[in-house]
Structure formats: C-alpha cells, structure tokens
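Trainee: Have a look at this one.
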Amino acid sequence: MVLFLNQFINGLGIGAIYALIALGYTMVYGIVKLINFAHGDIMMVGAYTAVILMVDLSVSFPVALVVSMLVCVLIGVVIERVAYKPLRESPRICPLITAIGVSYLLENSAQLLFSANPRPFPTVLSIPPIVIGGVNISFITLLTVVVSVLLMIALQYFVMTSRTGKAMRAVSEDMGAARLMGINVNITISLTFAVGCALAAIGAMLYCIAYPSVAPTMGMMPGLKAFIAAVLGGIGLIPGAMIGGFIMGIAESLTKGFVSSQLSDAVVYGILIIVLLFKPSGLLGKAQREKV
Amino acid sequence: MKRNLKSYVLNLSAVLLIYIVISSLIGTGAINKYYTGILIMIGINVIMTVSLNLTTGFLGELALGHAGFMSVGAFTAGVITKALVEQYGWNATACLPVSLLAGGLLAAVMGFLIGVPALRLKGDYLAIITLGFGEIIRVIIQNLQITGGASGISRIPRVNSFTLTYVLMILVIIVMFTLGRSRHGRAIISIRENSVAAEATGVSVTRYKIFAFTFAAFFAGIAGGLYAHQIGRVSAATFDFNKSIEYLVMVVLGGMGSITGSIIAASVLTLLPELLREFSDYRMLLYSIILIVMMLFRPKGLMGTAEFSLTFVWNSLFGWVRKLLKIQPKVKDTPKAGLTDESVKAGHEPIMPDLPAYPLQEGEPVLETRNLGIRFGGLHAAEEVNLRLYDNEIVGLIGPNGAGKTTVFNMLTGVYLPTDGDILLLGKSIVGQKTYEIVANGIARTFQNIRLFKSMTVLENVKVAFHTRMHYSPATGIFRLPRYVREEEGIDLRARELLRVFSMEDAADTPADGLPYGQQRKLEICRALASNPKVLLLDEPAAGMNPIETKELMETINLIRDRFHITILLIEHDMKLVMGICERIYVLNYGRVIAEGKPAEIRNNPEVVRAYLGHSDQTNKAQAELEAIRNGNA
Amino acid sequence: MAMLEVKGLNVYYGAIHALHDVSFTVEQGEIVTLIGANGAGKTSTLHAISHLIPAKSGTITFKGENLNGMDAFKLVGKGMSQVPEGRRIFSAMTVLENLEMGAYSRRNKSEMLRDLDMVFGHFPRLKERVKQIAGTLSGGEQQMLATGRALMAHPTLLMMDEPSMGLSPILVEEIFAIIRDINREGTTILLVEQNAHMALSIANRAYVLETGSITMEGKAAELLNDDKVKSAYLGT
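The listed protein sequences correspond, in order, to chains A, B and C.
Using our numbering, the first residue of the first sequence is number 199, and each one after it goes up by one.
Using our numbering, the first residue of the second sequence is number 325, and each one after it goes up by one.
Using our numbering, the first residue of the third sequence is number -9, and each one after it goes up by one.
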C-alpha cells in the first residue's frame, strides 16, 4: 500500500510535467493542426539555457528561469515562421516531416555545441520530504504538481476569458472567419507557439529539479510521452492535456513500481493504442466527420 | 511485346554487368572488406527504403515504426540460425533461406497485426500509432529471454555475402516495380491520390492499406535478417525511432513514390556518412537540414514519382547517335494497342474485363429507394425519399442548396448509412454494403468537387476503375504470368476505347491535373463508366463550366445513355442542362421530395418555383407568425 | 463617390476562370443585391472583396481607398464586415463570445455595449440564449448570430452571403425584414443571394451573375418582374 502511494505520488509529479509539455503540443495542434515534433526539444533548449546561465555565468535561478523562457519562446516563434508557416497549405505529411527535421536539428546542434555527455543540473531546492505514515512526499513533487495545476488553470482561464485567448479559439475553429473578424491570424498563431514554448521551459525547470541532468536528447522521451498524453486526453483540448499527462505519469510510475521499469514505456504506448482504437479522438475529444 | 522484351534484356544485362564488375573487384581485392561491407549495407538499406516507400510513398501514409519490422526480422533470423547451428549442427549458410524467410514472415505478421487496428485511423494518428508500435516492439524485444534481453544477441554466424545481398536487393526492387505496375499497385497509388475516389471506383481501401503495410513489413524483415548475418550481433536499441527516421529521410529525399529515387537516396545516404567519417558528428545535423530544406523547397524529393528508365536512355542515346550520323531510323510499326496476329496466334488473346449482366424484369425499376431517410443528431437531412429509376432513363435531382441531394447520393453509394428506409438495386437491397461492393454491384458516381487521381495519367485513372472487373492476384502481377499480361492488355484496349468515346485518346498519357477543367470533368465521367455500371450518378457535372462546355456535356451524357445502355441520375443546378436532357425530374427541398415529373411540369410547378426563386407575398398567417417570433414568444 | 467600387475583377481557381471582369458599384445607404444561380460566382465575389481569396486582376475601392494588397484582417477596421456563406459561426463558443469576436477590432467599450443592445433589439432570440454554445443553435438562430456578429463590427458596409440558405420560408421573411431595418438605420448593404425574389423585394439595385459574368443590371423593382431573370434561374 505504501509502495502504491509512493509510486502514485511520483506518478503525479512526472505526470504534471508531462501535462505542462502536453499543453504546448495540444495548443499548437488545435490551432494549426500540426504535431510539433520539435516541442520536446524546446524543453531541452530551456534546460541548457538555464544550466549555462546558472553554472557558467553564475546567474540566479529565478533569472535563469525567465531568460530560459524567453529563449524558448524566441526559438519557437522563429521555427514557426521559417519552417511551418510556408507549409500551412501543403499536404499534412510535409509539415510533419519538417517538424521531425527541426527536432533533429535542435538535438544535434545541442550535441555539437555541448557534447553528448550529460551535464548535472545544479541543486536549486533542498527541502526534506514530508513523510506521512511511511509515504514520502518530496517537496519537489509537491511543488511540481501545484505549479503545473496552477499554470493549467491560468491557461484555461486565459484561453476562455481573454480577448487574445478567444481569438486563439476562433482561429482554431475557422481561420477564414477569424480573419473576417479582424483577427491577425499570423500573430495569433505565433502567440500560441510562444505560450506553448514558455510552458515547456517551465516544465523543463521542474523536470531538471526532479531529475538534475541535462543532455541533448533529454527532450525526446518526455516530449514523446507528453505528446501521447495530449492525444490520449483529446488533442486540441487543454483539460485533455491535463488529464492525459497525469494518466501517463501515474501509469508509468505504477508500472515501474509493480511490474518492471523496462516495460513502463511499453505500457504507456499500449494505453495510447488502446484508447485510440476505441476512441480515436481521445478521452475528451469529439469525433470529426469528413465532408464527401 | 517486342518493346517489353527489349526492356527486359536491357535491364537484365545492366544488372548482370554491375554484378560482374563489382564482384570481380571484390574478388581481386580492389574493393577491400571495409568497402564491401559498405556496399552490402547499401543493399540492405535499399531494401528497407524501397519497402518503406511502399507505405509512405505509394500508399501515402506516414509510417514511423519501420525499423521495428527490421528488428523483428533481425532477431528472428539471428535466433533461428544460432539455434540451427548450435543445437542441430546445420551449416550456417544453409540456414539462411530458412532464417531470412522466417524473419520476413514474422515481420509480415507484425505488420498485419499492427495494420488492422492502425489503418482505421488516418494521417497524423496513424503515424503516431506506428510510432507507438515501433517502440513497443523495441521494449518487448529488450525484455524477452529468447532475444537476449537488454544486451541482444551476439555471435550470429556472419555468413552474409555481397552476392546474396545484391540478389535479394534486385529481387525486392523488381517485385516492388512489378507490383507498382500491376492493378494492385495502381489501387494502392489511387488511395494515396484520393482515397474517397479510390473507394468509389471499386478499390477496397482498408484491404489494400493492410496489404501494403504487411508487404512492406515482410521486406523490412528480410533486410533485418541480412543485417543480423552481416554484423553478427543485434540489439533492440539499434532499431529505434532514430533508425526509422533515417529510412524516412531516404524515402523523402529520393521522392515518395519513386523506387529509383529510393535506390539513389539510400545509396547516397549510406555512402556519404562513411566517406565523411570525420564529419560523423555532423551527419544527423545534415539529415535534419536536408529534411527541412526538402520540405520547404522540393517536397517531391529528387525524383518525385518518376522512375529511371534504362530503355528510355538507350533509345534517346541511339536517337542522338543516329541524328549525329544522319542515319534514317527504320520505319517501325508503332505498337498498336490492338490485337496483332502474333498475340492471337500465341493463344494469348487479351482477357476483357467483366461485363456483368444486369438481369432486369419488365417494368421493374433499376434503382429504387423506399422511404429513405437519414438523421444527423436531431436533424433530418433526408426524409421519406421515394425515387424510382427505370432502365435507360436520364433523371434529374434538383433542389436549392442544402436540400439533401448529395446526401442522397452518399446513401446510394454506401458513404452514409441511412437511418430509415431501403435502397434496392435491381430488386436487391444494398443498404449496409460498403462503397466498393456497391460499385461491383453496378452503381458508379462522380463528385461535386472533381476527385481525380491527380498525378496519374488519364489512361491510368480509367484503368483504376477496371479494378473491380479484373481477377489476377498480386502474385500473378508480380511474376507477370500470362493472365496478368492478357488482362492488362484487355483493359488497355477497353480503356482507350472509352477515351475514344470521349475524344480523349490523345491525352492518354497526360497527367490528370494537366487537363483543362472541362476535360477533367469528362475524365471523371469516363472513369466512372469503366466499372461497367448499370446506374451512373453524376453530382453537378456542369459545375464551373461555360455554356459551350455545358452543351458538350449534354451531348456526352446523351451519348453515354445510348451507347452504354445505362440509367443516369444527375444532380444539377444548371437548369438549361437539366431541362434539356432529363426525361424526368425529382425536386428536393429540406430533405423531402416536393415534386416529380417531366421538365415542363416541374418548371411551372408553383411549389418548385417558390422553393427556388422564393416568394414575396406575405400571407396573413406568415405575418402573424413573424410578429410572434420577433416578440420572442415563439 | 460610390462607397464600394469593383472594377474588372477576375478570379481563378486553378485553371477555372470563376469571375470574368466583374464590375459593379454600391452607393452609400443602398441595398445592392447580386443574384444568380448556384455556381454563378456570387460567393467568389464576396471572398475576393474580403481578400479571403486572391484576385488575378481588377481593383476594389472602398470609400475612395484602393484595397489592393491589404491584409484580410485589416478590412474590418476600414468599415467592411461580412456575414459569410454558411454562417461560419464559432460553434464551440457561446453566443455572447461570438458577438464579442465580431467586435474584436473595436476598442470603445461603451459603443460596443450600445451595439450589443442594438443587436439584441433586432434579434431578441439571441438575448435569451446569450450563454448557449453556438453550435447548438438552430439554423435560423445561427443566421441571426452571424448577422449580429457582423453588426458588432459597426460596419459602414455590411456584406451578406446567401442569408436565406437552408432557412424555412418564414425565417427567410424575418431575416429580410431585419435586413431592411438595418439598412434603414444607416448601414449600406451588399447582399448576395440565390433567392431572387426576396433579394429583389428589398434591394434598391441589382446585378445578375451568370457563370462568372454580370449579364443584367438595373433597379430591383424592374428586375423583379423581368422574365429574363426567371430564365436565368430556371432555363428557357
């Protein structure tokens, strides 16, 4: 029982990080119907920026966090403009392949610049875990879950009530009609990418606090899992990313604890496949009909 | 046939020549072991790329787990060879046929198991699921005892050779090529071009997707087996997502849909990294830039969908030499697409596509709907629709926008499942049948927005539609057995005949999207006729046409009815056309039939006039209702 | 000076020449209607004016200003708004949010609220359903919403693309009565319609489009009884 709770709580922690990264995927897919394979690598960019600032330039954590977010946003927006915007009208396979290319570009550039060897992430917090009846709740996990949930609520609120957020929803639904309203579609799309990247940067920080190691390919697995989380919950839906992220994290953690840590990846993919087969649009998603 | 014989001889000679040159260079040591290894890897990678091209290039579905099939093949072959050698004392080389085949078959089974569920999804979701499956395969292999767990298998007898790799590579290339040129390859390509139209022309999209997937997996498995016996050890981590991406890059670079492109790209991208060993750090970086640049500036890749033709080069070369030396070419009979004395003599007459007999009783309607209806949510898109179409009629289906006309067509062709009523074709109910089955049973259609197979030629577009009337199996097509030759000749004759009816035979080799708009519409109709339907449904055939083209269309429709003895139901807004050629007209409004009759009756029917032109007289009742609504009391 | 002047508009969809040298004007305060059968090019005309599709050649002048090359989203700010064909409301958003989107380009809160009241005045049904998700509204209510949304931009020129499509005859009459009211309150209207009689009964002037070219023009009242209009729709 204790083991279950411990694993469950760990699952919540990693799940919260997946959820944050998943938000970026889901928002971008919602607005331009593109799976941004490079999103997980944006997280990696954030992590490296922070490490370099803190370790090589002795910058404090809060400053590193902010700069890291700015860098991620900048890179994300540039990528969108250069590599994705020209392909908005192309068949869907084209931007998909380009996204894969961008992902590899980021990973390999990092490898060349920083070597493939992992670098340690400096300790930012050292608060002892809270122990309740034999169950360890690390402060980091608690922080991660709280921060993630708060951010997600804030994002949902932003998208639902703010003028820009509503513009994002309008563009996701009907780009042409949105233009007729006077909405600058290109700026709206850039903003969406920006928000997603900023969240990825925060997710990166939380990830590095929990697993203090930075490597060029660090974004790949969490990115993939976060993406699966988004699809699981219903891609394009913010609550879906949240739910999907937590389910992924908990499933992974419980498998690691009770079955085998090697099989945890397979279980996670297995869940995705089963869900997609029975509910192709995800847990919270609605079915789409093609016009003949 | 003579033309083909020349082509076979040329290509076979080239293949043999290359082999002889390379193997002698290896034999004399001019190419050392290191470079031989590279050549072998090129061969393996060509097999992988060409097989992935079947799924991603020909079928058009992005598959991100192809390395998983290679993995299955590699481990299966490795395990079997080791077992046979270590436990049964077999000679290692003798194991190869067994191991490789087993590897391929198991990979094919995996392909099938993955394909069946995955192919219900489309596009992005399909790609994700193939990715997921690829990763699952990797994880499972890493955790099984028999596959050596995390460290994989080592000490596999390294009995692969250049000869074996080369032979298999050539075989795979040939098979892919002949498959592509057979009716099954055409069906697969048509799915990529326009899957809705493919289904509507008689191709079972689901079946062919699964076929392509499984077939591609088989060859990937074979490649894996070769790899295992080349390197001598395999671990699941080698065949990860990155590897799948490497092959994807090769397919994309070469051109999705070009086998030649895949060969070139696989060769270049295997050779380059070896030659640029010092720059190996930059390899993946270069790959990523290639991918991005390709997609932005040349998404078609190096070759697009074109293939290199040795025969073409040979002929051009000779033509050029002849011009140079001013030699007159022998006046050759242009190979006629017709029966020649030789083919008749050889007992190889062409087999014509089926011409089903449509037995019809006197006075019985060819196509009938009884209280047909469909509900979407709470909305009745069509209700109590009763249509009767008799033999050899031209009937019109008209009504304002949103009246439900295309909905009726979609129900007649199995795209939508009606919620109420029945549809009877020649007296038998067809409700619940899949679209391609309905095509086989005798209903063909065209679409509101023209759905041609854009990058296929005019002739090929028509040939796809013969699919449902042909019989030869994929194996027959691949090995070019007599039945393949005869059936293909048959449909070639028939297809050209059809094009001649529409005065399009000169455009036979033009790509469909190169045609002017009016011709594209004609081609769509021509294609629909190729399946020998009894009923032809035309959805707004005159849309976007000018008055002259419309007049031509009217003549064409009349010609079709007379010559092919079929029944035509047409949706149209162009009233000159409708009133000009329809013998009877049904009028739909709000999903219901509001009138039926001859053109003159319909044109003067006040309800019809009102439905179309609207009315501006306000009755007292209408006035009162209006008042009530505006006060929010409805 | 005409409020809207379209001269020599040519639009192609790939190889199809959809609009041939289309020219017409709309004067301030008028209701001008563009009628024609399905496929004649009516929607293409409005899409070209709103820069949703590119025009091969031709000029579009609005209040004396040449619109060529302007981004589509800037046109609302110039005073032009459109009720698109098929409504194209944002079905996942509420009625109120849709109306807010209509006012996206505006900044003055009090004026916006005044316009909101105006819209509710024309369409009391919408006021009742303010928090309802737009996708669940009936066809007629969606048409009202789309019109109200376009009105929230406080346009000088309101362009309407087939407002009668898919609506019952009663609703069509209601919508057209409201269009007349909107015009009386000062908004110039360019109305594209398949329903010739309704359109001609409220318009000042009309143009008839047949397969991409304007074949007739004149006062709406005169065209209303012209047999040539009937033949353009129903054939001879």
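The beta carbon of each residue, even a glycine, is placed where N, CA and C say it ideally should be.
In this text, all values refer to a predicted model and were calculated from it rather than measured experimentally.
(1) Which residue marks the beginning of the alpha helix (DSSP H) containing B:A919, and which one marks its end?
(2) Look up B:G697 in the DSSP assignment and give the residues it is bridged to.
(3) Give the residues of chain C in contact with A:V383, contact being defined as C-beta atoms less than 8 Å apart.
(4) Is there a Cβ of chain A sitting closer than 7 Å to that of B:G976, yes or no?
(5) Name the residue from B:T594, B:I350, B:G473, B:V933 whose alpha carbon lies nearest to the alpha carbon of B:M365.
(6) Between B:Q772 and the ligand HEM, is there a pair consisting of the residue's CB and a ligand heavy atom that are separated by less than 6 Å?
(7) Specify whether the stretch 369 to 380 of chain B and the stretch 485 to 500 of chain B touch according to this definition: at least 3 beta carbon pairs, one from each stretch, less than 8 Å apart.
(8) In chain order, what residues of the same chain lie with their CB nearer than 6 Å to the CB of A:C406, ignoring the 5 residues before and after it?
(9) Just tell me which of C:V85, C:S95, C:Q72 has its CA closest to the CA of C:E118.
(10) Tell me, please, whether the CB atom of A:A399 is closer than 7 Å to any CB atom in chain C?
(11) With DSSP collapsed to three states, give me the class of C:S203.
(12) Given a cut-off of 7 Å, decide if A:M440 and A:I217 are closer than it, judged by their beta-carbon atoms.
(13) Report yes if the CB atom of A:G431 is closer than 7 Å to the CB atom of A:L482, and no otherwise.
(14) Out of B:P840, B:F700, B:L386, B:K858, state which residue places its alpha-carbon closest to the alpha-carbon of B:A681.
(15) What is the DSSP secondary structure of C:V120, reduced to helix, strand or coil?
(16) Terminal residues of the continuous beta strand (DSSP E) containing A:V333?
(17) By DSSP, does A:R317 sit in helix, in strand, or in coil?
(18) Do B:R276 and B:N518 have their C-beta atoms closer together than 7 Å?
(19) In the structure shown, what three-state DSSP assignment does B:R482 receive?
(20) Taking any Cβ of chain A, which residues in the stretch 76 to 88 of chain C have a Cβ under 8 Å from it, in chain order?
(21) Taking buried to mean at least 16 other C-beta atoms within 10 Å of its own C-beta, is B:L468 buried or exposed?
(22) Pick from A:S451, A:L203, A:L303, A:L340: whose alpha carbon is nearest that of B:V617?
(23) Quick one: Cα of C:V66 to Cα of B:F539, how far?
(24) Please list, in chain order, all residues of the same chain as C:L161 whose beta carbon is under 6 Å from its beta carbon, the five residues on each side excluded.
(25) At least one CB of chain B closer than 7 Å to the CB of A:T174: is that the case?
(26) To be precise: take each residue of the stretch 253 to 285 of chain A, compare its Cβ to all Cβ atoms of chain B, and keep it if any distance is under 9 Å. Which residues remain?
(27) In terms of DSSP beta bridges, what is A:M373 paired with?
(28) Output, in chain order, the set of chain A residues within a Cβ distance shorter than 8 Å of C:P74.
(29) Check distances from the C-beta atoms of the stretch 415 to 431 of chain A to those of chain C and list, in chain order, the residues that come in under 8 Å.
(30) Take every Cβ of the stretch 533 to 552 of chain B, pair it with every Cβ of the stretch 338 to 351 of chain B, and state whether three or more of those distances are shorter than 8 Å.
(31) Looking at the C-beta of A:A464, does it have a partner C-beta in chain B at a distance below 7 Å?
(32) With DSSP run on the structure shown, which of helix, strand or coil describes C:L9?
(33) When you compare only the Cα positions, how much space is there between B:G842 and B:I849?
(34) Between the C-alpha atoms of B:S559 and B:Q466, what's the straight-line distance to the nearest angstrom?
(35) Which residues does DSSP list as the beta-bridge partners of C:R77?
(36) Any beta-carbon of chain A closer than 7 Å to the one on B:P865?
Mentor: Per the coordinate set shown:
(1) Segment 916 to 921 is the beta strand (DSSP E) holding B:A919; no alpha helix (DSSP H) there.
(2) In the DSSP output, where bridge partners are listed per residue, B:G697 has B:D744.
(3) Chain-order list of chain C residues neighbouring A:V383: F63, by C-beta distance under 8 Å.
(4) In the structure as shown, chain B begins at 325 and stops at 958. Residue 976 of chain B is therefore absent and cannot be evaluated.
(5) B:M365 has its Cα closest to that of B:T594, out of B:T594, B:I350, B:G473, B:V933.
(6) In the structure shown, the ligand HEM is absent, as is every other ligand, since no ligand is present at all.
(7) Between the stretch 369 to 380 of chain B and the stretch 485 to 500 of chain B, the count of Cβ pairs shorter than 8 Å is three or higher; the stretches touch.
(8) Result list for A:C406: A245, F319, in chain order.
(9) Nearest C-alpha to C:E118: C:V85.
(10) Output row for A:A399: interface = no.
(11) Correct three-state label for C:S203: strand.
(12) According to the sequence displayed, residue 217 of chain A carries Ala and not Ile. Annotated as proximal: A:A217 and A:M440, with beta-carbon spacing under 7 Å.
(13) Yes, they are a contact pair.
(14) For B:A681, the nearest C-alpha among the options comes from B:K858.
(15) Shown here, C:V120 sits in coil according to DSSP, grouped into three states, outside any helix or strand.
(16) 333 to 335 is the span of the beta strand (DSSP E), which, as asked, contains A:V333.
(17) Residue state, collapsed to three classes: strand.
(18) Missing from the structure shown is residue 276 of chain B; chain B here goes from 325 to 958 and no further.
(19) Coil, per DSSP.
(20) For the stretch 76 to 88 of chain C, the set of positions with a beta-carbon nearer than 8 Å to some beta-carbon of chain A reads R78, I79, F80, S81, A82, M83, E87 in chain order.
(21) Under this definition B:L468 is an exposed residue.
(22) Minimum Cα-Cα distance from B:V617 among the listed residues A:S451, A:L203, A:L303, A:L340 corresponds to A:L303.
(23) In this structure, the CA atom of C:V66 is about 55 Å from the CA atom of B:F539.
(24) Correct list, in chain order: G130.
(25) Absent from the structure is residue 174 of chain A, since the part of chain A shown begins at 199 and ends at 490.
(26) Result list: V280, A281, P284, L285.
(27) A:M373 pairs with nothing; no bridge assigned.
(28) Proximity of chain A to C:P74 at the Cβ level (cut-off 8 Å) is accounted for by G374, A375, L378, in chain order.
(29) The stretch 415 to 431 of chain A vs chain C, Cβ under 8 Å: nothing.
(30) Note that the stretch 533 to 552 of chain B does not touch the stretch 338 to 351 of chain B; fewer than 3 beta-carbon pairs, one per stretch, sit closer than 8 Å.
(31) The C-beta of A:A464 comes closer than 7 Å to at least one C-beta of chain B.
(32) Here C:L9 sits in strand by DSSP.
(33) Looking at the two C-alpha atoms, the distance is approximately 11 Å.
(34) Looking at the two C-alpha atoms, the distance is approximately 8 Å.
(35) DSSP output for C:R77 lists no bridge partner at all.
(36) Using a Cβ-Cβ cut-off of 7 Å, B:P865 does not count as an interface residue toward chain A, since no Cβ of chain A sits closer than that to its own.
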